[in-house]
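Here is the structure we will look at, set down as structure tokens.
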Amino acid sequence: MMLQGIHGEALLCKSFYLIRDTFTCGEKAVEQQCDAKALEDLGTLKRQMSELGEEEGCPKEQPANLDAIIARPVKRPTPPPLSKRPAVAPMARPLNTATPADISTTTTEFSTSQGFPVPVPGSTPAVPSPALPPTPTQQPAVCTPEQQKKFEECVRPLTAFQPHPLSVIKIPRQIDEACEEFKKFQICVADVECHPLWAKGMTAMFSYACGEGGEGYKKVRQCLRKISAEETVKECVTTFSRGAPTQACLSANSLLTCAIAPIQTECGEETSDWVIKYVTKFASAIDPRCKLASQLPIGKVIGVGCTAEEEAIIEHCAAPLNDIGARMEELFQGGLQAMIKNVNSLAPVFAGGCNLTDEFRQCASFLLSGRTPCVVSSCMIHAGDGICDQPDPTKAIDDNLSCVFAQVQEPSFAKCIRSTLTTVKQFTLSSFRNILPKFIDCTEVIVRAKCGETPIKVLRAMSSPDICPVGPAPIVPVNNGPERVEPQIPTCTTEKRESFDQCTRPFYTRYRMLPITLINEMENMDQVCSDVSIMDGCSISTRVCSSSEQTALKKMIEQLCASREAFDHYKICLKTVASNQQGTSCMSEFMSSSPGSRCSSLQNAATCMAKQVGETCGDDALTYAFAAMNDYARMMDGRCRVDKPSVSLATGCSEQDMVAYLSCESSIDPFSFRPVSIIGDGSKWDEMCTAFTMSYKPCVEKMKCRFEPVSSANMQLFDGICNRPLTLRDQKSFGKCLSDYTNTEKGQKCIAAMAEVDPMAPDAPSKMCQVLNTVLQCAGTDIEKECGYDALLHVYEQHTLWAQSYNKSCVVRSPEPKSVPSNTLDQSKDVEPQHVTRDETTPSGVPQKDITPIVIGVDVVDTTTPPPAEMTTATTTTEAPKTTTTHPKDIATPSAKGAATSLLNAMLIFFITSRAF
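When we follow the UniProt record's numbering, the leftmost residue of the sequence shown carries the number 1, and every step to the right adds one.
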């Protein structure tokens, strides 16, 4: 059995020293019996072996106590079982033991507020059986093609809303429709046994957003949509989306680490808390053991992705450290003044933590060796880096933290305290941890100048929103004195440079990175992947000499080789685009660029060809190419980004313009914009018109680049309602009934088709026309039944205006007036039939809305005098000579319903008379 922890490191280093001594011993024999070339080769091997050992962490000189370290007995922590924790001074808590048969009866599960299933011991303590494998590694049941097809059919309508890991769906105002579709999805998959792993996470996210988190979501969705469109957060989401479902816990932690700071800054605590709970639901649904770093207590040692047995080992070994962490929490009670006063009290707490850290590392060496997926996290241990290795840790932490808060005399430092720490209402270690990053950013320059780097590192570790992995203790040799030996940081020497160049020159001479196509030789990827593997192997001991651009190219090619199927699918089309005349022109700047301008030239070339790639190869190919280029750019230069210009391709506007438009739209989002009733609550038209007039309209008019036709369409629709008194009167009159209808199951079903339309997509004009017709055909009968025929006509009038704003050639099919019942002739009667007519013509003095069917098309030519502004032209054709009636908007006109009825009666009388003759 392989020895773990410090014993394994000691044996590894012992082997290294023996091999190195063997080389030294053999040098004399080779020098005597072989030629100079053999001696040179032996020296090269010895040097490479030495460098490799030092890179693995072995001290250059063998420690005097190495054999003593190896001689220590290797034991797994097996403390004696105790029934309960003794109520005395801090000491190691024992592992609870129980037979496997007792496990099912002595443990239950409950869900914490963060959504984690946690085992609750019963009267008899129990440790879960180690035979239970970790959740993420369980192999899913093999799915039959029929099951897969059934699941895909069920999930397709839900994915049409484009689920999002932060904002739930792409267009948050459609959440009601999405939740209705989610209910259907749950019913549909009830009898489907084949559920992909990612679907479990998606189901948990929708369950939260449509259930217990629904009310909170409606409060925060505006800001979430806005922040999700910003580049920094989009990059976080892109990285998250590339993660495998089996790595859900780490992906979720990375997403929150990346995105929670801008969300908290822009949207506040309420939004960030909602997002944390939302992402937690996703992660814990896939991996019930998952813990999110933002929720981990700073003073406690935590296991992430660990089995129940490993959790028990951590709890046992970390008990003394956790007691120290609990004492830290007490020091932060009582507000900011108490915390500053207690800064000196942190010193003995840290000193105790330093002493107990070494004991913890020895106790948990099996887990810290990295042999299992279990990650041990403690930000308090990380905060001790740079402190615990000092001769007097108590004095070190006291000096560093006292120095920080001694700067309160500086005006700029005091200003930072006022703008960050004093804003915390309830001062605890957790709230201090949340606000600390802003405080550090504000005071970093002053603190670094006056106190050095150590206090900055300590404070950043205490406030880290990420997991703080704890590794094994390094080998500390004891030679002639207590001096600590640290491994030397590898540097690129002249000899290493020569060796590196000799090994890598053929590879880097032959291959280079190109925009869009990614690599210059893509025809034989088998050879490319073989070459990068050989080059990586021969340069392993000299890679410290690699430039950032060389490392970026190697990493990118390795990624291409790892995703060969996708790259092979796209590469031919990508090369076709890059090699045509336009592509060659776009590439010219990059081909002649210098290292200093490589980033900007790559960005320009990629943006130049993006539209053609999207049109020729599809959006998936565009996404793949830009993701690879962005990874290359970041490795080449940490500040360089190559982002996919999705917004500019679709609209001609920039990502910043998109953020600006979303900010405008946030003023009308609370009113749940939708077809039929226009807003979700028909009693709030006064508030809606105020928001439109005071916020949305001036905001859109100020935009330098407007998203069309959605901007103009929305402006015309709301302007036509809010700024026309009679239309607004009718909208208020019918609004409550219409909104009540859209909130019913039937209404939701009819307006659900609107979710298929992305108003900013290139196909929005054609889709909007089609979908509005579909919605009105579906809802027309119910609207007339529930709200009356006049309400139906009003809806058609407004939606015709709306559809025409998107597409001038759109025809909205108007509702047909119901036919008038008439008597039928009974031919068996000998008597002359008598026809009774009903005069349903409308008196000219009774005002009615014009319900003449409206047909709007590009080929309609109005031969009359052009009407003044705010006028609508309606054309009616009958047997009488063709006439055109022009009337002002919202001015009452004789109803066409009476005219149509009279026409039917006249035709019927004519028919009966002709039969009589």
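Ideal placement from N, C-alpha and C gives every residue a C-beta, glycine not left out.
- Residue 794 and residue 734 do touch by the CB rule: their CB atoms are close to 6 Å apart, below 8 Å.
- In this chain, the alpha helix (DSSP H) harbouring residue 766 covers 764 to 787.
- The straight-line gap separating the alpha-carbon atoms of residue 16 and residue 563 is approximately 36 Å.
- Residue 765 counts as buried, since no fewer than 16 other beta carbons sit within 10 angstroms of its beta carbon.
- In the three-state scheme derived from DSSP, where H, G and I count as helix and E and B as strand, residue 163 is classed as strand.
- Out of 407, 438, 437 and 67, the CA that lies nearest to the CA of residue 449 is found in 407.
- Beta-bridge pairing by DSSP links residue 469 to 377.
- Looking at the DSSP output, residue 513 sits in a beta bridge with 519.
- Partner residues in the beta bridge of residue 674, as assigned by DSSP, are 678.
- Contact between the stretch 173 to 185 and the stretch 228 to 240 is not established, with fewer than three Cβ pairs separated by less than 8 Å.
- The criterion of a C-beta distance shorter than 8 Å is satisfied by residue 507 and residue 531.
- Straight-line measurement puts the Cα of residue 627 at about 38 Å from the Cα of residue 750.
- A Cβ-Cβ distance of about 5 Å is found for the pair residue 637 and residue 599, placing them in contact under the 8 Å criterion.
- For residue 532, there is no enclosing beta strand (DSSP E); the residue is found in the alpha helix (DSSP H) stretching over 525 to 538.
- In the structure shown, residue 668 falls within a coil segment according to DSSP collapsed to helix, strand and coil.
- Here residue 223 is not near residue 257, since their CB atoms are 8 Å or more apart.
- Per DSSP, reduced to three states, the secondary structure at residue 268 is coil, with no helix or strand assignment.
- In the DSSP assignment, residue 544 falls outside any alpha helix (DSSP H) and carries neither an H nor an E.
- The beta carbon of residue 522 lies closer than 6 Å to those of 571 in the same chain, with the five residues before and after it left out.
- A direct Cα-Cα distance of roughly 10 Å separates residue 156 from residue 162.
- Counted as a single uninterrupted DSSP element, the beta strand (DSSP E) harbouring residue 304 occupies residues 302 to 304.
- Between residue 710 and residue 760, the gap from beta carbon to beta carbon is short of 8 Å.
- Nearest to residue 68 by alpha-carbon distance, out of 540, 11, 728 and 642, is 11.
- If you check the CB distance, residue 561 and residue 539 do not come in under 8 Å.
- Short of 7 Å from the beta carbon of residue 617, and not among the five residues preceding or following it, lie these beta carbons of its own chain, in chain order: 570, 573, 574 and 577.
- In this structure, residue 516 sits near residue 613, with a CB-CB distance shorter than 8 Å.
- Residue pairing by DSSP places residue 279 opposite no residue, since no beta bridge is assigned to it.
- Between residue 500 and residue 533, the C-beta gap is not smaller than 8 Å, which leaves the two residues out of contact.
- Here residue 169 carries a strand assignment [DSSP, helix/strand/coil].
- Residue 319 and residue 380 have their alpha carbons spaced roughly 14 Å apart.
- Looking only at 393, 729, 262 and 660, the smallest Cα-Cα distance to residue 686 is reached by 729.
- Per DSSP, residue 638 lies in no alpha helix (DSSP H) and is assigned neither H nor E.
- Contact check for residue 601 and residue 590: beta-carbon distance about 4 Å, within the 8 Å limit, so the pair qualifies.
- With a cut-off of 8 Å on Cβ pairs, the stretch 653 to 663 is in contact with the stretch 698 to 706, counting three or more such pairs.
- Residue 306 is not a Cβ neighbour of residue 363, given a cutoff of 8 Å.
- Around the beta carbon of residue 587, a 10 Å sphere encloses 16 or more other beta carbons of the protein chains shown; the residue is thus reported as buried.
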